[in-house]
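**Q**
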Amino acid sequence: MKSIVDPSALVIDLGAQNRPTVISVVGAGGKTSLLFWLAELLQASGRRVLITTTTHMFMPTSHWPVVFCRDPAMLPHASLTSPISFCFHSWKANQGKVQGFTPEAIDALVQR
């Protein structure tokens, strides 16, 4: 396996800085690790990043803020000013997992 020598070379900006971009990660394993890696890469290139899920994922153990809400499109803009933020619908303490939003709710968030 080869490593990526210059991860910043993966960020190609075709005007994406001027609009929200949604990245969807699917597969059997490694999704959360990949999301965190991408978030830090994008943040280092000057982007603000919001991480959520359309299913469940383990509660993040990072130093970035976590916001819970029923409808992400209704969040005040000030609640997502951190370079990287997490936003989820609910917390399932017995499973140690957070629940995210429907794809439609994520689309509505991008449109605001």
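The numbering of the sequence shown is the UniProt record's numbering, which starts it at 1 and goes up by one.
Note that CB positions come from ideal geometry on N, CA and C, so glycine has one too.
Please read these numbers as outputs of a predicted model, since none were measured by experiment.
Less than 7 Å between C-beta atoms, sequence neighbours within five positions excluded: which residues of the same chain meet that for Lys101?
**A** Here residue 101 turns out to be Phe, not Lys, going by the sequence shown. Cβ neighbours of Phe101 beyond the five flanking positions: Thr52, Thr54, Pro72, His89.
**Q** For the beta strand (DSSP E) containing Val98, name the first residue and the last one.
**A** 97 to 99 is the extent of the beta strand (DSSP E) around Val98.
**Q** Is Ile106 helix, strand or coil by DSSP?
**A** Three-state result, Ile106: helix.
**Q** Looking at the secondary structure, which residues open and close the alpha helix (DSSP H) in which Ser45 lies?
**A** First-last for Ser45: undefined, no H or E at that position.
**Q** Please name the residue, chosen from Lys97, Ser62, Leu34, Ser45, that lies closest to residue 151 on a Cα-to-Cα basis.
**A** Only positions 1 to 112 of the chain appear in the structure, and residue 151 is not among them; the question remains open.
**Q** Quick one, are the C-beta atoms of residue 113 and Trp64 less than 9 Å apart?
**A** Nothing about residue 113 can be read from this structure; the chain reaches only from 1 to 112.
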